[in-house]
Ligand code: SF4
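Numbering (the UniProt record's numbering), first residue to last: 1 to 734.
Right, dumping it as structure tokens:
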């Protein structure tokens, strides 16, 4: 191949367009990595509507990892402790099928669990749902998105009647005030932040508020940084609402005509006077008032958040409390405004569309809704009642199910729970108890592979064709343009083959991913995420497309909506389009009204105390991606972030006689890990920060999740990975 190919970056949910050319092509020198090996050259796709020609270091270097440490053949071992032997696909799949039949016969289908990933393409996700939830009759499919954005999903569903971020990236260019809470977008979603930053530099009146206990790169760029005490987000949000109420800066027309539940909410926020909130959040009262003033003075406020909000034992409440502010000020469904959750994984959004969590089904359906189940049973050619009415196990419940012996087969694909799950010692002990673990991935070794009985080689980015959806609901076709290593197969092909071997031949008659996609979009017909107007041909010809995109016509703006926005915004460039949801201010609830939610803060699930006096917060660095399965194999990124570390405030360091670079043992109630100290005022006193990227393969005893706990939001079941109580002991003093 000599032509360049357009595709999507396989890292974060920003979903930047990439243009990739072969190592050697006519008229130019061979492109090589830092070790001199020929590699595919990656540049930004200037025509991609989401990233507009921008790319960060992860996207730009992705091709350096594609040929390193690849799994090429199925491997098997009978018990842990023995080395793997290469086997044929037949032998590996026969063993899996035999185990599935045995578990169903002895424990029922709920003895089978699959833990997937936002690295899947939508086609992979869809076939996995059809196999597990449809054919096998268990909803025990969960994805690592549970650890990332399930609180945003729950918040949107409860507030708006349906999942789906209502905003688009154009809003970054149009907002009067960007309110970033619990997101270090400058490092974790860099191209979204670049775009916002460009706008802020151009429109000097536009403001940036950043809420984060750390002075991150994002916070450094802010007009106002609120370094709140960890766990006080709801206090802050209710405090801003209190001031907006007090100043009369609310939209009573929108509240009366388009929402429900405001009276109860108003009762709650009455209690959040500036004095109380400033004290609880440990911020100056003037800063709180300034934040509320920015909200009050802005016609268009755009909130962005990610894991700092979602990974919390009250994650859904936090999301809904952010949404409350947008509802009371009518900052939704218009250009430059709205509550916008940033997804972590490249195709977490596609996972939501395909039903890739244990309580949802394809097409933004929910397991508990009998009509939703019936619609899919019909589409999938299954008998009525085949889909279980009970939500399946979330990923942590899969771990506890291994502990109790209720899980007879755990199938892990494209994710690395032996680094990313909370309470890692407990997670690993549970994995050791698994009667049969199938591990399907592109790379070997990984930390999780060590716990597997059967390993299946998966094709990855560039080796299979499929679609991915980014945070702004933009669907991009990602074509295969390189051969697969060894006998690697696309994830959906593996799932479909198992389905056929189990006797579901009718259900898995797919020859190509385009066949899968054609069926998948039927599952979205007349649903909020209607994609029946999107197909491979259109994506090839027109480039990325945003949903909703029904087959009959692309969404049009009705007259009423047109009038509303013409009166609101004089600049024709700001006119609405199908890019935004709820532009008619009608929501997906039965009465079309959005719902306010009234929450008091409960604070951290594990607050600091005498024994464990510090709050540990974990996060991500600019160059690395999650557990380093790819980025740990890229020299440039390894050089950028060579070692783990712990950020400690100088005051705390002085109290504990800690010097820069000293090795610190961090202990929680669950485990311990060691990190060199980085003494910095970027962190607030009493809080410490550790990056979560280092698993056992990349460093000794530096696993942040040895320390974290699994206490989760009761609604979204997303664990509070962002905060736990720890003690610090310099290793020299041990
Ligand atoms: Fe890839 Fe995200 Fe970087 Fe864009 S911002 S290039 S999607 S990692």
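All C-beta atoms, glycine included, are put in the ideal place defined by N, C-alpha and C.
*asked:* According to DSSP, residue 245 sits in a beta bridge with which residue or residues?
replied: For the purposes of this step, residue 245 is taken as residue 245 along the chain shown, with counting starting at 1. Paired residue(s): none; residue 245 is not in a bridge.
_Distance check for residue 138 and residue 729, CA to CA, integer angstroms please._
Within the chain shown, numbered from 1, the residue matching residue 729 stands at position 729. Within the chain shown, numbered from 1, the residue matching residue 138 stands at position 138. Rounded to the nearest angstrom, the two C-alpha atoms are 46 Å apart.
*Answer with buried or exposed for residue 745, where buried requires no fewer than 16 other C-beta atoms within 10 angstroms of its C-beta.*
The structure shown does not extend to residue 745, since the chain is modelled only from 1 through 734, so no value can be given for it.
*Taking just the CA atoms, how far does residue 622 sit from residue 11?*
Along the chain shown, one-based indexing puts residue 11 at 11. Along the chain shown, one-based indexing puts residue 622 at 622. The straight-line gap from Cα to Cα measures roughly 12 Å.
*Which residues in the same chain as residue 212 place their Cβ atom closer than 6 Å to its Cβ, once the five residues preceding and following it in sequence are excluded?*
Start at 1 with the first residue of the chain shown, and residue 212 comes out as number 212. So the qualifying residues of the chain are 219.
*Can you check DSSP and say which residues form a bridge with residue 209?*
As a position in the chain shown, residue 209 is number 209, starting the count at 1. Bridge partners of residue 209: 179 and 224.
*Determine contact between the stretch 105-117 and the stretch 476-484, defined as no fewer than three beta-carbon pairs at a distance below 8 Å.*
no
*asked:* Taking the straight line between their C-alpha atoms, what separation do you get for residue 262 and residue 59?
replied: The residue you call residue 262 lines up with position 262 of the chain shown. The residue you call residue 59 lines up with position 59 of the chain shown. Rounded to whole angstroms, residue 262 to residue 59 spans 44 Å at the Cα level.
*Excluding sequence positions up to five away, which residues of its chain have a Cβ less than 6 Å from the Cβ of residue 344?*
Your numbering for residue 344 matches position 344 in the chain shown. The answer, listed in chain order, is 13 and 148.
*Three-state secondary structure (DSSP) at residue 623?*
Indexing the chain shown from 1 puts residue 623 at position 623. If DSSP states are grouped into helix, strand and coil, residue 623 belongs with coil.
*Which residues in the same chain as residue 200 place their Cβ atom closer than 6 Å to its Cβ, once the five residues preceding and following it in sequence are excluded?*
By 1-based counting over the chain shown, the position of residue 200 is 200. Only 206 and 208 meet the Cβ criterion.
_Run through the DSSP bridge pairs and tell me what residue 439 is partnered with._
The residue you call residue 439 lines up with position 439 of the chain shown. 412 and 455.
*Pull every residue with its beta-carbon under 5 Å away from any heavy atom of the ligand SF4, and keep them in chain order.*
9, 11, 12, 14, 16, 55, 56, 58, 59, 190 and 191
*Given residue 683, which residues of its chain have a CB within under 8 Å of its CB, disregarding the five upstream and five downstream residues?*
Reading the chain shown from its first residue, position 683 is the one you call residue 683. Cβ neighbours of residue 683 within its own chain (closer than 8 Å, five residues either side excluded): 213, 214, 215, 647, 648, 649 and 689.
*asked:* If distances are taken between C-alpha atoms only, which option among 716, 317 and 626 comes closest to residue 694?
replied: Here residue 694 corresponds to residue number 694 of the chain shown, with the count starting at 1. Out of 716, 317 and 626, 626 has the C-alpha closest to the C-alpha of residue 694.
*Identify the continuous alpha helix (DSSP H) that holds residue 349 and give its terminal residues.*
Residue mapping note: residue 349 aligns to position 349 of the chain shown, counting from 1. It spans 348-353 - the alpha helix (DSSP H) in which residue 349 sits, taken as one unbroken run.
*State the Cα-Cα distance for the pair residue 737 and residue 117, rounded to the nearest angstrom.*
The chain is shown from 1 up to 734; residue 737 falls before or after that span and cannot be answered.
_Considering only the alpha carbon of each residue, which of 5, 632, 698 and 177 lies closest to residue 297?_
Here residue 297 corresponds to residue number 297 of the chain shown, with the count starting at 1. The shortest CA-to-CA distance from residue 297 to any of 5, 632, 698 and 177 is the one to 177.
*Can you give me the Cβ contacts of residue 496 inside the same chain, cut-off strictly under 7 Å, excluding the 5 residues immediately before and after it?*
As a working mapping, residue 496 is identified with position 496 in the chain shown. Excluding positions up to five away in sequence, the list reads 127, 508 and 510.
_Delimiting residues of the alpha helix (DSSP H) encompassing residue 61_ = On the chain shown, position 61 is the one that residue 61 refers to. Per DSSP, residue 61 belongs to the alpha helix (DSSP H) from 57-61.
*With 16 other CB atoms within 10 Å as the buried threshold, where does residue 397 fall?*
As a position in the chain shown, residue 397 is number 397, starting the count at 1. The residue is buried, with at least 16 neighbouring Cβ atoms inside 10 Å.
*Local Cβ density within 10 Å of residue 275, reported as buried at 16 or more and exposed below that*: Numbered from 1 along the chain shown, position 275 holds the residue referred to as residue 275. Its Cβ having fewer than 16 others within 10 Å, residue 275 is exposed.
*Count the other CB atoms, across all protein chains shown, that sit within 10 Å of the CB of residue 439; report buried if there are 16 or more and exposed otherwise.*
Counting from one through the chain shown, the residue named residue 439 turns up at place 439. Buried: at least 16 other Cβ atoms inside 10 Å.
*asked:* Measuring alpha carbon to alpha carbon, tell me which residue in 642, 719, 676 and 588 is nearest residue 158.
replied: Residue 158 sits at position 158 when you count from the first residue of the chain shown. Cα-wise, what sits closest to residue 158 is 588.
*What distance in whole Å lies between the Cβ atoms of residue 63 and residue 16, which are believed to be in contact at a cut-off of 8 Å?*
Position 16 of the chain shown, counting from 1, holds the residue named residue 16. Position 63 of the chain shown, counting from 1, holds the residue named residue 63. Contact doesn't hold; Cβ gap of about 14 Å is too wide.
*Among 5, 329, 527 and 32, which has the Cα closest to the Cα of residue 594?*
Along the chain shown, read from residue 1 onward, the residue named residue 594 stands at position 594. Of the candidates 5, 329, 527 and 32, the one whose C-alpha sits nearest the C-alpha of residue 594 is 329.
_Three Cβ pairs or more, each shorter than 8 Å: is that satisfied between the stretch 441-457 and the stretch 409-420?_
Under the Cβ criterion (8 Å, minimum of three pairs), the stretch 441-457 counts as touching the stretch 409-420.
*Anyone know if the C-beta pair for residue 723 and residue 615 falls short of 8 Å?*
Taking the chain shown and counting its residues from 1, one reaches residue 723 at position 723. Taking the chain shown and counting its residues from 1, one reaches residue 615 at position 615. It is a contact, given that the beta carbons lie within the stated cut-off.
*On the three-pair Cβ rule with 8 Å, is the stretch 590-604 touching the stretch 231-248?*
yes
*Reduced DSSP secondary structure (H/G/I, E/B, other) of residue 28*: Translated into the one-based positions of the chain shown, residue 28 becomes position 28. Of the three classes helix, strand and coil, the one that applies to residue 28 here is strand, per DSSP.
*Look up residue 305 in the DSSP assignment and give the residues it is bridged to.*
Working through the chain shown from its first residue, we reach residue 305 at position 305. Bridge partners of residue 305: 181 and 341.
*What did DSSP end up calling residue 39 once you bin it into helix, strand or coil?*
For the purposes of this step, residue 39 is taken as residue 39 along the chain shown, with counting starting at 1. Residue 39 falls in the coil class under three-state DSSP.
*Determine the direct distance from the alpha carbon of residue 335 to that of residue 565, and round the result to whole angstroms.*
Locating residue 565 in the chain shown gives position 565, counting from the first residue. Locating residue 335 in the chain shown gives position 335, counting from the first residue. Its pLDDT being 47, under 50, residue 565 is placed unreliably in this model, and the value from its coordinates should be taken loosely. Cα to Cα, residue 565 sits roughly 9 Å from residue 335.
*asked:* Tell me the residue span of the alpha helix (DSSP H) that contains residue 727.
replied: Taking the chain shown and counting its residues from 1, one reaches residue 727 at position 727. Where residue 727 is concerned, there is no enclosing alpha helix (DSSP H), although the beta strand (DSSP E) it sits in stretches over 724-730.
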